Amino acid sequence: MAPYDKKEENHNPGKENMGDHVLILYNDDVNTFDDVINALITICQHDSTQAEQCTIIAHYNGSCEIKRGLYPDLVHLRQKLEEQSLRVRIHQLIVP
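Letter by letter, the sequence shown follows residues 0 to 95 in numbering that gives the first Met the number 0.
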């Protein structure tokens, strides 16, 4: 049995690799559900269920987090989504 080192214990597995920014999709009155779903599948690599859920959440709540990551990675996605006339913004996560 390997010795247990409390300093190596990871209380939030995977969190450190998720990035420090989030890409938010905002509801609009321009795009159809199908347009948004197809953009999320094509650009953000969402599966169809995830894309549908994000679209519905954004429609009813006004916005939905669609991706977390490092700022440079999210800038490319934001630009591609904006080319499709989607309203998206990148926000920095505040970690206590």
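By construction, the Cβ of each residue, glycine as well, lies at the ideal position given by its N, Cα and C atoms.
Keep in mind that this is a model prediction, so the values were computed, not measured.
Option nearest residue i by Cα separation, candidates the options
{"i": "THR41", "options": "LYS79, LEU92, ARG88 and GLN91", "result": "LYS79"}
Beta bridge counterpart(s) of residue i as assigned by DSSP
{"i": "CYS63", "result": "LEU24"}
{"i": "VAL87", "result": "LEU24"}
{"i": "GLY68", "result": "HIS20"}
Contacting residues, own chain, Cβ-Cβ under 8 Å from residue i (five flanking each side not counted)
{"i": "ASP119", "result": "This structure leaves residue 119 out entirely; the chain is present only between 0 and 95."}
{"i": "GLY61", "result": "TYR25 and ASN26"}
{"i": "HIS45", "result": "LEU39, CYS53 and ILE65"}
{"i": "THR48", "result": "none"}
Beta-carbon separation (whole angstroms), residue i vs residue j, contact threshold 8 Å
{"i": "VAL21", "j": "ARG86", "result": "In fact, because the Cβ distance is near 15 Å, the residues do not count as touching under 8 Å."}
{"i": "VAL29", "j": "THR54", "result": "At roughly 13 Å, the Cβ-Cβ gap does not stay under 8 Å, so VAL29 and THR54 are not in contact."}
Beta-carbon proximity list for residue i, same chain, < 7 Å, skipping 5 on both sides
{"i": "LEU73", "result": "HIS20, LEU22, LYS66 and ILE89"}
{"i": "PHE32", "result": "THR54"}
6 Å CB neighbourhood of residue i in its chain, flanking five on each side removed
{"i": "GLN83", "result": "ALA38"}
{"i": "HIS75", "result": "none"}
{"i": "ILE148", "result": "No statement about residue 148 is possible, as the shown extent of the chain runs from 0 to 95 and does not include it."}
{"i": "ALA50", "result": "ILE36, LEU39 and ILE40"}
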